[in-house]
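Notes for the one structure printed next.
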Amino acid sequence: MKRVLHMQENQKSVRVRFAPSPTGYLHIGGARTALFNWLFARASGGKFILRIEDTDKIRSTQEDVTRILESLKWLGLNWDEGPFFQSERKGIYREYAQKLLDAGLAYYSDEQRGEYKAVIFKIPHKKVVVKDIVHGDMEFDNSLIKDLVIFKSDGYPTYNFACVIDDALMGLTHIIRGDDHIPNTPKQIALYEALGFPVPCFAHVPLILGKDKSRLSKRHGATSVQSYQEDGYLPDAMVNFLSLLGWSPGDNREIMGLDELIKSFSLDRINSNNSVFDDEKLRWMNGNYIKKLPFDEYKAKTMPFLKEKISNLNTTDVDVDYILKIMHERLRVLKDIVPQTDYFFNDDFQYDPKAVKKRLLKPNADKILTTLSDKLEKLDIFNEQTTEVATRSILDELGVSAGAIIHPARVALTGLTAGPGLFEIMAVLGKTKTVSRIHRAVKFIKSQGVAEC
RNA sequence: GAUCCCAUCGUCUAGUCAGGCCUAGGACACAGGGUUUUCAUCCCUGCAACCGGGGUUCGAAUCCCCGUGGGAUCGCCA
Numbered sequence: 008m009k010r011v012l013h014m015q016e017n018q019k020s021v022r023v024r025f026a027p028s029p030t031g032y033l034h035i036g037g038a039r040t041a042l043f044n045w046l047f048a049r050a051s052g053g054k055f056i057l058r059i060e061d062t063d064k065i066r067s068t069q070e071d072v073t074r075i076l077e078s079l080k081w082l083g084l085n086w087d088e089g090p091f092f093q094s095e096r097k098g099i100y101r102e103y104a105q106k107l108l109d110a111g112l113a114y115y116s117d118e119q120r121g122e123y124k125a126v127i128f129k130i131p132h133k134k135v136v137v138k139d140i141v142h143g144d145m146e147f148d149n150s151l152i153k154d155l156v157i158f159k160s161d162g163y164p165t166y167n168f169a170c171v172i173d174d175a176l177m178g179l180t181h182i183i184r185g186d187d188h189i190p191n192t193p194k195q196i197a198l199y200e201a202l203g204f205p206v207p208c209f210a211h212v213p214l215i216l217g218k219d220k221s222r223l224s225k226r227h228g229a230t231s232v233q234s235y236q237e238d239g240y241l242p243d244a245m246v247n248f249l250s251l252l253g254w255s256p257g258d259n260r261e262i263m264g265l266d267e268l269i270k271s272f273s274l275d276r277i278n279s280n281n282s283v284f285d286d287e288k289l290r291w292m293n294g295n296y297i298k299k300l301p302f303d304e305y306k307a308k309t310m311p312f313l314k315e316k317i318s319n320l321n322t323t324d325v326d327v328d329y330i331l332k333i334m335h336e337r338l339r340v341l342k343d344i345v346p347q348t349d350y351f352f353n354d355d356f357q358y359d360p361k362a363v364k365k366r367l368l369k370p371n372a373d374k375i376l377t378t379l380s381d382k383l384e385k386l387d388i389f390n391e392q393t394t395e396v397a398t399r400s401i402l403d404e405l406g407v408s409a410g411a412i413i414h415p416a417r418v419a420l421t422g423l424t425a426g427p428g429l430f431e432i433m434a435v436l437g438k439t440k441t442v443s444r445i446h447r448a449v450k451f452i453k454s455q456g457v458a459e460c
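Residue numbers for the first sequence follow this note's numbering, so the first one is 8 and each next one is one higher.
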């Protein structure tokens, strides 16, 4: 009863659409809806159409149109037809409204709020069944709802009316949209019937919720696709993650590229319960995709984040490629490159208080570091290998473990307890900076007084 | 309030439509262990769920009903 019913109209080739209103950015929920439509079109060899619902002439802006298109392109969701603008199709809607008026199925409003009198559609008082691919049959009683304004006093059609006219005229076979449109659907079906249009198949996908389980909104922080792009999320990771919100391939696959998603996607595997947007998992997935990026591509995507840092340098002797290389597998979000490599570009970094306590204020830490810097200073060739050999050579000398040297040395060089390999760090910094930073740390330790045990 | 939707680990989910293969599988997160100079990666282990109550049935996470909980929508916004 529930699924299955959508197969019958597969003789028609699939036509679906994404129809955002340009009153803001493309948000995560919209992106997921667009993705499902796109995936379904690609999986079935159908067409994906883009329509801009700009009938709110006050809130719609050209900038938002541009931003939305940019986000869709960034995600790789290319469209086959459009974008069509509803604001350019007023004549069409008016024509159909007139038909309803002529047929006595609609009437003019008594009151006049603007330039024109609103046109109102008489909702037939009867029960309507919405056949939905993800929810099954849903029954509504249209005698419980008020008549529907289809043309506003400003001369623009309302959402439900323009939507139905366009969906019908554009020959859409499946309407895949958010759950929040369920209450609109019985009204729209009444319109389809009044206008003699065939009713398309519906697939209402569950909503994406925030941590507090309410509908995802600005309250939950950054929710625009653009902001994720700016933070250094990869489009493939984003798409992959979004595809798994409300849908799954049925086996245990998680990491799936576009082609694999297209091959696996089907509407009847969309589940009917809402899902919470989990940034942690997105970060994990993004890190996964970053790691798989070839170095050149990774570099090209990461450099913009480093640009500012680099332009502030008075010397250009920092091996940026090497820094990128040693950070490659540690990043989950490209933006993280900035805070995590600050010490490479900045000599006056602060010591993390916890690192100081744990690694610097230990008995003999100053002596160990002094011995180390003396040793390093004598090196003629200063690279990853030579610094490691030199460092290890003093282990026996001092009778300490490798950790006893390496840990405080890392804090001395970076101020942090975690990061790339110590000798990689030394190699990037070079002899002069390495030695002077160790001296700085020794001085710091002495100024603090050595902690007891 | 009215209408509708939904209900499996903290989160995303598999299993639900065609009831037994489920002592409920995977992933993120978390905890522990191994590898590593640290962190991360990688590997291993662990923790952790069928909202409650009634039915139907030889048998229910799966079907039905009632509760409860959550969500969405009730605009001349889309």
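Cβ atoms here follow ideal geometry from the backbone N, Cα and C, with glycine treated the same way.
Distance between G185 and S271 (C-alpha atoms, nearest Å): Residue 271 sits at position 264 when you count from the first residue of the first sequence. Residue 185 sits at position 178 when you count from the first residue of the first sequence. Spanning the two alpha carbons is a distance of roughly 21 Å.
Contact check, P29 vs I59, beta carbons under 8 Å: In the first sequence, residue 29 corresponds to position 22, counting from 1. In the first sequence, residue 59 corresponds to position 52, counting from 1. A Cβ-Cβ contact shorter than 8 Å links P29 with I59.
Reference I130, options V396, G428, G111, L289, closest by Cα: Within the first sequence, numbered from 1, the residue matching residue 130 stands at position 123. The option with the nearest alpha carbon to I130 is G111.
Closest Cα partner of V232 within the set S67, K159, F248, K218: Here residue 232 is taken as the residue at index 225 of the first sequence, counted from 1. For the options S67, K159, F248, K218, the alpha carbon positioned closest to that of V232 is the one of F248.
Beta-carbon proximity of A113 to A104, cut-off 8 Å: By 1-based counting over the first sequence, the position of residue 113 is 106. By 1-based counting over the first sequence, the position of residue 104 is 97. Yes; because the gap between Cβ atoms is below 8 Å, this pair is in contact.
Which residues DSSP lists as bridging L292, in chain order: Counting from one through the first sequence, the residue named residue 292 turns up at place 285. The amino acid occupying residue 292 in the given sequence is Met; Leu does not appear at that position. Residue pairing by DSSP places M292 in no beta bridge whatsoever.
For L341, the nearest candidate out of G52, I317, P360, N293 (CA to CA): The residue you call residue 341 lines up with position 334 of the first sequence. When C-alpha distances from L341 are compared across G52, I317, P360, N293, the shortest belongs to N293.
Cβ neighbours of R462 in the same chain (closer than 8 Å, five flanking residues each side left out): Residue 462 falls outside the range modelled here, since the chain spans only 8 to 460, and no answer is possible.
Per-residue DSSP class, three states only, for F272: Numbered from its first residue, the first sequence carries residue 272 at position 265. In this structure, F272 counts as coil in the three-state DSSP scheme.
I36 versus Q347 - alpha carbon distance: Residue numbering aside, residue 36 sits at position 29 when the first sequence is read from its first letter. Residue numbering aside, residue 347 sits at position 340 when the first sequence is read from its first letter. The residue asked about is misnamed: residue 36 is Gly in this sequence, not Ile. The alpha-carbon atoms of G36 and Q347 are separated by roughly 31 Å.
Expected contact under 8 Å - CB spacing of K382 and I401 to nearest Å: Numbered from its first residue, the first sequence carries residue 382 at position 375. Numbered from its first residue, the first sequence carries residue 401 at position 394. The Cβ separation is near 6 Å, so the contact holds.
Buried/exposed call for G52, threshold 16 Cβ in 10 Å: Stepping through the first sequence from its first residue, residue 52 is reached at position 45. Counting the other Cβ atoms within 10 Å of the Cβ of G52 gives fewer than 16, which makes it exposed.
Nearest neighbour of F168, chosen from N191, S273, I152 [CA to CA]: Here residue 168 is taken as the residue at index 161 of the first sequence, counted from 1. The shortest C-alpha separation from F168 is found at N191.
Strand pairing of D148, partner residues [DSSP]: As a position in the first sequence, residue 148 is number 141, starting the count at 1. Bridge pairing for D148: K134 [DSSP].
Close beta carbons around G422, own chain, < 8 Å, minus the five adjacent residues each side: By one-based count along the first sequence, residue 422 stands at place 415. The beta carbon of G422 is closer than 8 Å to those of Y350, F356, Q357, Y358, D359, A362 in its chain, skipping five residues each way along the sequence.
Exposure of P415, with buried meaning 16 or more beta-carbon neighbours within 10 Å: Within the first sequence, the letter at position 408 stands for residue 415. That one is buried.
Beta-carbon proximity of L46 to L268, cut-off 8 Å: Counting from 1 along the first sequence, the entry for residue 46 is found at position 39. Counting from 1 along the first sequence, the entry for residue 268 is found at position 261. By the CB criterion at 8 Å, L46 and L268 fall inside the cutoff.
Which listed residue (D187, R226, D63) has its alpha carbon closest to that of S160: The residue labelled residue 160 in the question sits at position 153 within the first sequence. Checked all of D187, R226, D63; the closest Cα to S160 is D63.
Simplified DSSP assignment, three categories, for P205: What you label residue 205 is simply residue 198 of the first sequence in a count that begins at 1. Reduced to three states, the DSSP call for P205 is coil.
Pairwise C-alpha distance: R444 and F451: Position 444 of the first sequence, counted from the first residue, corresponds to residue 451. Position 437 of the first sequence, counted from the first residue, corresponds to residue 444. Near 10 Å, if we compare the C-alpha coordinates of R444 and F451.
Cβ-based burial, K9 [other Cβ within 10 Å; buried from 16]: Looking up residue 9 in the first sequence gives position 2. Because the pLDDT at K9 is just 40, under 50, the model does not fix this residue reliably, and the point stays unresolved.
Check: E70 C-beta below 7 Å from any heavy atom of the ligand HEM: Ligands in the displayed structure: none, and consequently the ligand HEM is not present.
Span separating the alpha-carbon of S94 from that of P311: In the first sequence, counting from the first residue as 1, residue 94 sits at position 87. In the first sequence, counting from the first residue as 1, residue 311 sits at position 304. Rounded to the nearest angstrom, the two C-alpha atoms are 38 Å apart.
Range of the contiguous alpha helix (DSSP H) that encloses E102: On the first sequence, residue 102 is found 95 positions in, with the first residue counted as 1. Here the alpha helix (DSSP H) through E102 covers 97–109.
Among V21, K364, M433, nearest to V396 - alpha-carbon criterion: Indexing the first sequence from 1 puts residue 396 at position 389. Of V21, K364, M433, the residue nearest in Cα terms is M433.
Simplified DSSP state of G185, which is helix, strand or coil: Start at 1 with the first residue of the first sequence, and residue 185 comes out as number 178. In the three-state reduction of the DSSP assignment, G185 falls in the strand class, which pools E and B.
Cβ neighbours of L107 in the same chain (closer than 8 Å, five flanking residues each side left out): The sequence position of residue 107 within the first sequence is 100, counting from 1. Closer than 8 Å at Cβ, skipping near neighbours: A113, V126, F128, I157, A201, L202.
Given Q392 as reference, the closest of G426, N353, G437 once Cα atoms are compared: Locating residue 392 in the first sequence gives position 385, counting from the first residue. Ranking G426, N353, G437 by Cα distance to Q392 puts G437 first.
Which listed residue (S380, V435, K314, L274) has its alpha carbon closest to that of V141: On the first sequence, residue 141 is found 134 positions in, with the first residue counted as 1. The shortest Cα separation from V141 among S380, V435, K314, L274 belongs to L274.
Residue range of the unbroken beta strand (DSSP E) whose run includes I157: The sequence position of residue 157 within the first sequence is 150, counting from 1. In the DSSP assignment, I157 falls within the unbroken beta strand (DSSP E) covering 155–158.
Per DSSP, cross-strand counterpart(s) of G3: The requested residue 3 is not part of the displayed model; the chain covers only 8 to 460.
C-alpha distance - V212 paired with P90, whole-angstrom precision: Taking the first sequence and counting its residues from 1, the one referred to as residue 212 is at position 205. Taking the first sequence and counting its residues from 1, the one referred to as residue 90 is at position 83. About 23 Å.
Status (buried if at least 16 other CB within 10 Å, exposed otherwise) for E431: Position 424 of the first sequence, counted from the first residue, corresponds to residue 431. E431 is buried by the Cβ-count criterion.
Alpha-carbon to alpha-carbon, S221 and T73: The count along the first sequence starts at 1 and reaches residue 73 at position 66. The count along the first sequence starts at 1 and reaches residue 221 at position 214. If you take the alpha carbons of T73 and S221, they lie about 29 Å apart.
Nearest to Y296 (by Cα), restricted to the options R39, S282, M263: On the first sequence, residue 296 is found 289 positions in, with the first residue counted as 1. Checked all of R39, S282, M263; the closest Cα to Y296 is M263.
Per DSSP, the bridge partner or partners of V212: Position 205 of the first sequence, counted from the start, is the residue given in the question as residue 212. According to DSSP, which records beta bridges pairwise, V212 is partnered with G185.
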